[in-house]
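Here the structure comes first, spelled out in C-alpha coordinates, and everything after it is commentary.
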Amino acid sequence: MTDDEPSTVSMQSLNASTAEKLRQTVARIERLEEEKAEVAQQVKDVYAEAKAFGFDVKALRQIIKIRKTDRQEREEQEQVLETYLLALGEI
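For what it's worth, this note's numbering labels the leading residue of the sequence shown as 152, then goes sequentially.
See below:
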(Lines of atoms letter the chains of each structure in order from A and count residues from 1; the text may use other names and numbers.)
(Lines give C-alpha, C1' and ligand atoms only; values in the text may rest on other atoms or scores of the structure.)
Protein backbone atom coordinates (compact mmCIF):
# COMPACT_ATOMS: atom_id res chain seq x y z
CA MET A 1 0.00 0.00 0.00
CA THR A 2 1.34 3.42 -0.89
CA ASP A 3 0.75 6.69 0.91
CA ASP A 4 -1.72 7.70 -1.82
CA GLU A 5 -3.93 4.63 -1.39
CA PRO A 6 -6.75 4.77 1.14
CA SER A 7 -6.25 2.66 4.23
CA THR A 8 -8.36 -0.41 4.81
CA VAL A 9 -10.14 1.41 7.64
CA SER A 10 -12.01 4.37 6.24
CA MET A 11 -13.22 7.28 8.33
CA GLN A 12 -16.80 6.14 7.72
CA SER A 13 -16.12 2.89 9.56
CA LEU A 14 -14.78 4.67 12.66
CA ASN A 15 -17.44 5.12 15.26
CA ALA A 16 -17.58 8.28 17.36
CA SER A 17 -15.68 6.84 20.32
CA THR A 18 -12.94 5.42 18.09
CA ALA A 19 -12.59 8.74 16.27
CA GLU A 20 -12.36 10.53 19.61
CA LYS A 21 -9.70 8.10 20.83
CA LEU A 22 -7.77 8.75 17.62
CA ARG A 23 -7.99 12.53 18.16
CA GLN A 24 -6.80 12.13 21.77
CA THR A 25 -3.91 9.93 20.69
CA VAL A 26 -2.78 12.40 18.03
CA ALA A 27 -3.06 15.30 20.49
CA ARG A 28 -1.03 13.39 23.08
CA ILE A 29 1.71 12.59 20.56
CA GLU A 30 1.81 16.24 19.50
CA ARG A 31 2.16 17.39 23.14
CA LEU A 32 4.95 14.89 23.74
CA GLU A 33 6.76 16.03 20.59
CA GLU A 34 6.56 19.63 21.85
CA GLU A 35 7.91 18.59 25.25
CA LYS A 36 10.70 16.65 23.57
CA ALA A 37 11.70 19.75 21.58
CA GLU A 38 11.67 21.84 24.77
CA VAL A 39 13.85 19.32 26.60
CA ALA A 40 16.25 19.15 23.65
CA GLN A 41 16.59 22.95 23.78
CA GLN A 42 17.23 22.80 27.54
CA VAL A 43 19.97 20.21 27.02
CA LYS A 44 21.51 22.41 24.33
CA ASP A 45 21.42 25.36 26.74
CA VAL A 46 23.15 23.34 29.48
CA TYR A 47 25.92 22.34 27.07
CA ALA A 48 26.31 26.02 26.12
CA GLU A 49 26.59 26.94 29.82
CA ALA A 50 29.17 24.20 30.32
CA LYS A 51 31.17 25.54 27.39
CA ALA A 52 30.99 29.04 28.89
CA PHE A 53 32.45 27.62 32.12
CA GLY A 54 35.33 26.24 30.07
CA PHE A 55 34.26 22.59 30.04
CA ASP A 56 34.99 20.51 26.95
CA VAL A 57 31.54 19.79 25.50
CA LYS A 58 32.82 16.90 23.39
CA ALA A 59 34.17 15.23 26.54
CA LEU A 60 30.90 15.86 28.38
CA ARG A 61 28.92 14.22 25.57
CA GLN A 62 31.25 11.21 25.74
CA ILE A 63 30.78 11.00 29.52
CA ILE A 64 26.99 11.05 29.11
CA LYS A 65 27.22 8.30 26.50
CA ILE A 66 29.48 6.20 28.73
CA ARG A 67 27.24 6.60 31.78
CA LYS A 68 24.25 5.33 29.78
CA THR A 69 26.09 2.08 29.09
CA ASP A 70 26.04 -0.83 31.53
CA ARG A 71 29.40 -1.07 33.33
CA GLN A 72 30.06 -4.68 32.28
CA GLU A 73 29.14 -3.96 28.67
CA ARG A 74 31.35 -0.85 28.70
CA GLU A 75 34.31 -2.81 30.10
CA GLU A 76 33.88 -5.46 27.40
CA GLN A 77 33.81 -2.76 24.71
CA GLU A 78 36.94 -1.16 26.17
CA GLN A 79 38.76 -4.52 26.16
CA VAL A 80 37.90 -5.10 22.52
CA LEU A 81 38.99 -1.56 21.65
CA GLU A 82 42.28 -2.02 23.48
CA THR A 83 42.88 -5.34 21.71
CA TYR A 84 42.27 -3.72 18.32
CA LEU A 85 44.51 -0.74 19.11
CA LEU A 86 47.29 -3.07 20.24
CA ALA A 87 46.94 -5.11 17.05
CA LEU A 88 47.23 -1.90 15.02
CA GLY A 89 50.27 -0.75 16.98
CA GLU A 90 48.48 2.34 18.22
CA ILE A 91 49.22 1.72 21.90
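Cβ atoms here follow ideal geometry from the backbone N, Cα and C, with glycine treated the same way. Treat the numbers as computed from the prediction; the structure is a model and nothing was measured.
Where residue i falls: helix, strand or coil (DSSP)
i, result
"Thr220", "coil"
"Ile242", "coil"
"Leu165", "coil"
"Asp207", "coil"
Nearest to residue i (by Cα), restricted to the options the options
i, options, result
"Lys209", "Thr169, Glu224 and Lys195", "Lys195"
"Leu211", "Arg222, Ala199 and Thr169", "Ala199"
Contact under 8 Å by Cβ, residue i with residue j
i, j, result
"Leu165", "Leu173", "yes"
"Arg225", "Ile217", "yes"
Neighbour flag for residue i against chain C, beta carbons, 8 Å
i, result
"Val231", "Protein chains in the displayed structure number just one, and chain C is not present."
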